[in-house]
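Engineer: Our numbering numbers the first residue of the sequence shown as 104 and each following residue consecutively.
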Amino acid sequence: MLSLPLPIIEFLLCAVFCALVWRVDVGSRLARYFFTAFFGSVALAALMVGLRFGYDFENIIVVQRIIPLFIGPLVYLGFLSLMHAPAQMRIYIAINLGIATTASLLPFLFRELRPAYDFFISFSYSIYCIALLVLWRRGADSLRNAKFDSIRALRLWMLGAASLLGIMVIIDTMIAVRFAHQQLKNALALISNASLISVVILFGGLMFIFFASQEKRALKHPTKTTDDVNEKALEVERLTRDLLEKNQLYLDPNLSLERLAKRLHLPTRSVSEAINQSQGMNVSQYVNRFRLQKAASLLVTTALSVNQILEQSGFLTRSNFYREFERVFRMSPTEYRSHNKR
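1) If you draw a straight line from the C-alpha of C117 to the C-alpha of S301, how long is it?
2) How far does the alpha helix (DSSP H) with D345 in it reach, from first residue to last?
3) May I ask which residues mark the beginning and end of the alpha helix (DSSP H) holding H442?
4) With a cut-off of 8 Å, do at least 3 Cβ pairs link the region 367 to 385 to the region 332 to 339?
5) Classify D221 as helix, strand or coil using the three-state DSSP reduction.
6) For I233, does the count of other Cβ atoms within 10 angstroms reach 16, so buried, or fall short, so exposed?
7) Would you mind stating whether F173 and S144 have Cβ atoms separated by less than 8 Å?
8) From T343 to E361, what distance separates their C-alpha atoms?
9) CB L346 to CB R372, shorter than 8 Å?
10) Have a look at E438, A398, A406, R341 and flag the residue whose alpha-carbon is nearest the alpha-carbon of L419.
11) So the candidates are A197, V386, P189; which of them puts its Cα closest to the Cα of A364?
12) Which value, in whole angstroms, describes the spacing of the CA atoms of V124 and G263?
13) What are the boundary residues of the alpha helix (DSSP H) that includes S207?
14) By the DSSP assignment, the alpha helix (DSSP H) with F449 in it spans what residues?
15) For the alpha helix (DSSP H) containing F446, list its first residue and its last residue.
16) Sort T204, L180, T205, S207 by Cα distance to I194 and report the nearest one.
17) For T304, tell me which candidate among L337, S266, L291 has the shortest Cα-Cα distance.
18) On the criterion of 16 or more Cβ atoms from any shown chain inside 10 Å, does K288 qualify as buried, or is it exposed?
19) To the nearest angstrom, how far is the alpha carbon of C121 from that of S441?
20) Would you mind sorting N423 into buried or exposed? The rule is 16 or more other CB atoms within 10 Å of its CB.
21) Distance, Cα to Cα, R247 vs V280?
22) Assuming Y228 and M261 make a contact with CB atoms under 8 Å, what is their CB distance in whole Å?
23) The alpha helix (DSSP H) that contains Y136, what's its start and end?
24) Is F114 buried or exposed, if buried means 16 or more other CB atoms sit within 10 Å of its CB?
25) Measure how close the beta-carbons of S298 and P110 come, nearest whole angstrom, since I'm counting them as under 8 Å.
26) Do you know how far the Cα of I274 is from the Cα of A292?
27) So, under 8 Å CB-CB, L200 and F137 are touching, yes? Tell me the CB distance rounded to an integer number of Å.
28) Closest by CA to N443, which one among S375, G242, V403?
29) With a 10 Å radius around its C-beta and 16 neighbouring C-beta atoms as the bar for buried, classify F213 as buried or exposed.
30) Hey, quick one: how far does the alpha helix (DSSP H) through R67 stretch, first residue to last?
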């Protein structure tokens, strides 16, 4: 038995991540579902390992072996959801989850394939590690559904997820080899060490999220007077405003913080902090303000449908347009049009 219930601790930390991810708006509801399911799967897999090897629950071995086959597909589909519309995602979901389901059922249909479970798992981790790196190489502009100021963090998490899957390939292969050679003690030691590494990584991730949220909270309360606001922040905001207005960059639904900062020849962090300090909002809200002004004008001066207006204003999704419009104007686009045409 394991001397420490590390997989149980890993399960609890993953459960915390599930709750955190569920509350985060990354720009796509579907992506949030997949990321939550990913951490839920990792949590459940850790719980199964803890119960089996820590408390001798051998009858859960079937579930324990099936769950890992869905870990790679879930995190991959999460990031893919930030690149494609929900309607386009249906085929990707069917293919990826269909393959995972088939792989999990094959050993039940063909008994001679049961020893190959570990191979299926390692192969799945390897494929999705490579798939995530391919997505990452597409660049920041490919994350079309992501919130404007979350793209950089999401790309870092994408690299982190690929690295995690790569580590899991190595560890799972080593554990499988130990079990194949009947080296139970060494296999349990590897499981314990792997759980320890996971606990450290998860705890570090929670600390990163905590300090990042503290920094964002501090930036949400900027001083609005020109005497107190950093002059450099005001200058960066002016340059950003001029660039957006003169070139109408805000009409590009795929505009990212990285592209905006590159056009300004400034670091992304400088642009983000300048907008926060001088305007009291994040970059996504700042850019959407220009889009909303355009949309409001089109609602009053044209007979275009709301869908046509949101497309011509630079919004990518209907849900984001309605959410931002109602947040700023305290009414729906239809109500705004009726009210201002009286």
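Yeah, the Cβ is synthetic: ideal placement off N, Cα and C, and Gly gets one too.
Structural biologist: Result, derived from the coordinates:
1) 10 Å
2) 334 to 350
3) 436 to 443
4) yes
5) helix
6) exposed
7) yes
8) 13 Å
9) no
10) A398
11) V386
12) 15 Å
13) 189 to 212
14) Past the edges of the chain, shown from 104 to 445, lies residue 449, and the structure says nothing about it.
15) One cannot answer for residue 446 here, as it falls past the ends of the chain, which runs 104 to 445.
16) L180
17) According to the sequence as given, residue 304 is Ile; it is not Thr. With distances taken between Cα atoms, I304 lies closest to S266.
18) exposed
19) 42 Å
20) buried
21) 42 Å
22) Contact flag wrong, Cβ pair sits at about 15 Å.
23) 132 to 152
24) buried
25) 5 Å
26) 11 Å
27) About 10 Å; that fails the 8 Å criterion.
28) V403
29) exposed
30) No information on residue 67 is available, as it lies outside the stretch 104 to 445 that the chain covers here.
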